[in-house]
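Peer 1: Sending over a structure as structure tokens; questions will come in a sec.
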Amino acid sequence: MRINMKFTSKGKAAIENFNNEELLEIFARYIKTLTKKYDIEVDVPLEVNQNIVGDGTIIALAQNVKCDVDTFFKELGRDIKVPLKKRLGGKLENVFKTEFIE
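Our numbering runs 88 ahead of the 1-based position in the sequence shown.
So this is what it looks like as structure tokens:
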């Protein structure tokens, strides 16, 4: 399953404070933490995420999904706000909207 996480306008403003490698590392770290709680395997491949800030989207691939995918990505969105908000220095609502592609 492919998941497109499209950043909201505030989310785009927040990710502009990071480079591509930092964003990949942040997402990988928070995904790894959440997969301890949820039965799912999620990968954020570098080859399709070469320019996250420019594209305004980060793409993840999920497999062996044995949980509610929507809940997993909602919780990921809440967790990701923490490091983004620190650099943005302000209030941050929803960071991204998820689009699930089978």
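Beta carbons: idealized from backbone N, C-alpha and C, even for Gly.
Which residue's Cα is closest to the Cα of A101: F188, L176, T186, I189?
Peer 2: L176
Peer 1: Does I147 come out as helix, strand or coil in the three-state DSSP assignment?
Peer 2: strand
Peer 1: Starting from the C-beta of L164, find all residues in its chain whose C-beta is less than 7 Å away, skip the five residues before and the five after it, and write them out in chain order.
Peer 2: Excluding sequence positions up to five before and after L164, its CB lies within less than 7 Å of the CB of Y118, I119, L122, all in the same chain and listed in chain order.
Peer 1: Hey, would you say the C-beta of C155 is under 7 Å away from at least one heavy atom of the ligand PLP?
Peer 2: The ligand PLP is not among the ligands present in this structure, which contains no ligands whatsoever.
Peer 1: Output yes or no for whether 8 Å exceeds the beta carbon distance between E91 and F188.
Peer 2: Position check: residue 91 holds Ile in this sequence, whereas Glu was assumed. One thing to note: I91 has its Cβ within 8 Å of the Cβ of F188.
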